[in-house]
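Beneath this line is the structure, given in structure tokens, with notes to follow.
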Amino acid sequence: MIKNQWYAVLDSKELKKNKPIGVTRFSQKLVFWRDELDNISCIFDKCCHRGASLALGKVANNHIQCPFHGFKYDSSGKVTSIPANGKDRPVLSNFKVNSYIAKEAYGFIWVWYGEPRENLPKIKFFEELKEGFSYGGFSEIWRVHYTRAIENQLDVVHLPFVHNTTIGRGNKTLVNGPVVKWNEDLMTFYVKNEEDNGQTPQKPNEIENYEKLFSLQLQMPNLWQNIISDKVRIVAAFAPIDEENTKIYLRFYQSFMKLPVLKQIINNLSSIPNKIILHQDRRVVLTQLPKKSELKMDENLIPGDLPIIEFRRKREELKKQEIEKES
Numbered sequence: 001m002i003k004n005q006w007y008a009v010l011d012s013k014e015l016k017k018n019k020p021i022g023v024t025r026f027s028q029k030l031v032f033w034r035d036e037l038d039n040i041s042c043i044f045d046k047c048c049h050r051g052a053s054l055a056l057g058k059v060a061n062n063h064i065q066c067p068f069h070g071f072k073y074d075s076s077g078k079v080t081s082i083p084a085n086g087k088d089r090p091v092l093s094n095f096k097v098n099s100y101i102a103k104e105a106y107g108f109i110w111v112w113y114g115e116p117r118e119n120l121p122k123i124k125f126f127e128e129l130k131e132g133f134s135y136g137g138f139s140e141i142w143r144v145h146y147t148r149a150i151e152n153q154l155d156v157v158h159l160p161f162v163h164n165t166t167i168g169r170g171n172k173t174l175v176n177g178p179v180v181k182w183n184e185d186l187m188t189f190y191v192k193n194e195e196d197n198g199q200t201p202q203k204p205n206e207i208e209n210y211e212k213l214f215s216l217q218l219q220m221p222n223l224w225q226n227i228i229s230d231k232v233r234i235v236a237a238f239a240p241i242d243e244e245n246t247k248i249y250l251r252f253y254q255s256f257m258k259l260p261v262l263k264q265i266i267n268n269l270s271s272i273p274n275k276i277i278l279h280q281d282r283r284v285v286l287t288q289l290p291k292k293s294e295l296k297m298d299e300n301l302i303p304g305d306l307p308i309i310e311f312r313r314k315r316e317e318l319k320k321q322e323i324e325k326e327s
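Per the UniProt record's numbering, numbering through the sequence shown is continuous, rising by one, with the last residue being 327.
This is the structure in structure tokens:
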């Protein structure tokens, strides 16, 4: 994992007021809860007393109470009350569990995976989607590391083979470029695939007016966007569960329909073709070994894999930067 990053880990709709939920993220069992004021809290889902799951407890006044012996925890993971010791007795400092800073933005619950800071960076999302768009979507768990799930959406070579009956029709097997551009930790890549008539593929620096080509984006560390048109986008968040599992949140965004009932019908219907396409990917990606990708591994990559290579480089660069800061 890349430390000191905001990760989208849940859909906002999964977290109801005063109803804690337990999930695994970053290979850790966590409990999230939302209080009456919509404050979001996230702490380790294991009572420091006897190890019970706090997710089975109840929420009151932004505290969560263990279902086993009634210990109450605040959002920092500290125990504030032990009923068996008396309500006015102080609680020793060792009665605590680890916590994460969690916030809600753009319909997701985000976790700051790193050291607490006074001034945390802003949560980064695709600027054009912040206003004027509505969305519908679905989620599902894949038995792969989140790097493999992300790389599938950066793969411009697989379309005519995996998706030959859907978005890969046309037998455009020859890959020009692709062109990859970075703006800090936002990658935009431009696709120019075509039928192979014996021509030599163009190198990235040979492609003119690449800005007019079909493009996709990756916002590090785990957010992706397919720019279908100015008014239609597909967005995915890849929530890391553990070393071998990822929860994918796939959304269809549109701004062409504004009428409340009709726009929601359109948004919901979008899940049908999107599931078909995603499941075409899943059939193949789940067979990849190892389940986790790295910059240096036993794979022979080709020029068309440039977005994947760039992702691996950036991921390694960010991980290295954080290690150097700690040393």
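Ideal placement from N, C-alpha and C gives every residue a C-beta, glycine not left out.
Taking contact to mean at least 3 C-beta pairs separated by less than 8 Å, is the stretch 148-155 in contact with the stretch 277-293?
yes
CA-to-CA distance, Gly57 to Leu216, given in whole angstroms
Here the question's residue 216 lines up with position 216 in the sequence shown. Here the question's residue 57 lines up with position 57 in the sequence shown. Straight-line Cα distance between these residues: approximately 42 Å.
Please name the residue in Leu92, Thr24, Arg143, Lys3 whose C-alpha comes closest to that of Asn245.
Residue numbering aside, residue 245 sits at position 245 when the sequence shown is read from its first letter. Nearest C-alpha to Asn245: Arg143.
Is it the case that the stretch 129-147 contacts the stretch 229-244, given that we only count it when at least three CB pairs across the two stretches are under 8 Å?
yes
For Met187 and Ile2, I'd like the C-alpha separation in whole angstroms.
To locate residue 187, count along the sequence shown from 1; it is residue 187. To locate residue 2, count along the sequence shown from 1; it is residue 2. For Met187 and Ile2, the distance between alpha carbons rounds to 16 Å.
If you reduce the DSSP assignment to three classes, tell me which class Thr147 lands in.
The residue given as residue 147 occupies position 147 in the sequence shown. Thr147: helix per DSSP, three-state reduction.
In the DSSP assignment, what residue or residues form a beta bridge with Ala237?
Locating residue 237 in the sequence shown gives position 237, where the first residue counts as 1. The partner list for Ala237 (beta bridge, DSSP) reads Leu223, Tyr249.
Supposed close pair Asn193, Leu159 - CB separation, criterion 8 Å:
For this step, residue 193 is matched to residue 193 along the sequence shown. For this step, residue 159 is matched to residue 159 along the sequence shown. That pair is a contact at about 7 Å.
Once the 5 residues before and after Pro273 are set aside, which same chain residues still bring their CB inside 8 Å of it?
Taking the sequence shown and counting its residues from 1, the one referred to as residue 273 is at position 273. Taken in chain order, the residues that qualify are Thr166.
Alpha carbon to alpha carbon, how far is Asn18 from Asp35?
By 1-based counting over the sequence shown, the position of residue 18 is 18. By 1-based counting over the sequence shown, the position of residue 35 is 35. Taking the straight line joining both Cα atoms gives about 5 Å.
Quick one: any contact between the stretch 122-132 and the stretch 219-226, if contact means 3 or more CB pairs under 8 Å?
yes
Cβ of Asn62 within 8 Å of Cβ of Ser41?
Taking the first residue of the sequence shown as 1, we reach residue 62 at position 62. Taking the first residue of the sequence shown as 1, we reach residue 41 at position 41. It is a contact, given that the beta carbons lie within the stated cut-off.
Residue ranges of each beta strand (DSSP E) run of no fewer than 3 residues wholly in the stretch 96-147, ordered along the chain?
99-105, 108-113, 134-142
Rank Gly177, Val157, Val180 by C-alpha distance to the C-alpha of Arg169 and give the top, closest one.
Working through the sequence shown from its first residue, we reach residue 169 at position 169. Checked all of Gly177, Val157, Val180; the closest Cα to Arg169 is Val157.
DSSP beta-bridge partners of Lys3:
Position 3 of the sequence shown, counting from 1, holds the residue named residue 3. The partner list for Lys3 (beta bridge, DSSP) is empty, contrary to what the question assumes.
Return the residue from the list Val284, Lys122, Ile266, Trp33 that minimises the CA-CA distance to Phe161.
Numbered from 1 along the sequence shown, position 161 holds the residue referred to as residue 161. Closest by alpha carbon: Val284.
For a minimum of 4 consecutive residues, which ranges assigned as the alpha helix (DSSP H) are wholly contained in the stretch 151-188?
159-162
When Gly51, Ala52, Trp33, His49 are compared against Ile43, the one with the closest alpha-carbon:
Along the sequence shown, read from residue 1 onward, the residue named residue 43 stands at position 43. Minimum Cα distance to Ile43 is reached at Trp33.
Between which residues of its own chain and residue 328 is the CB-CB distance below 6 Å, once the five residues before and five after are set aside?
The structure shown does not extend to residue 328, since the chain is modelled only from 1 through 327, so no value can be given for it.
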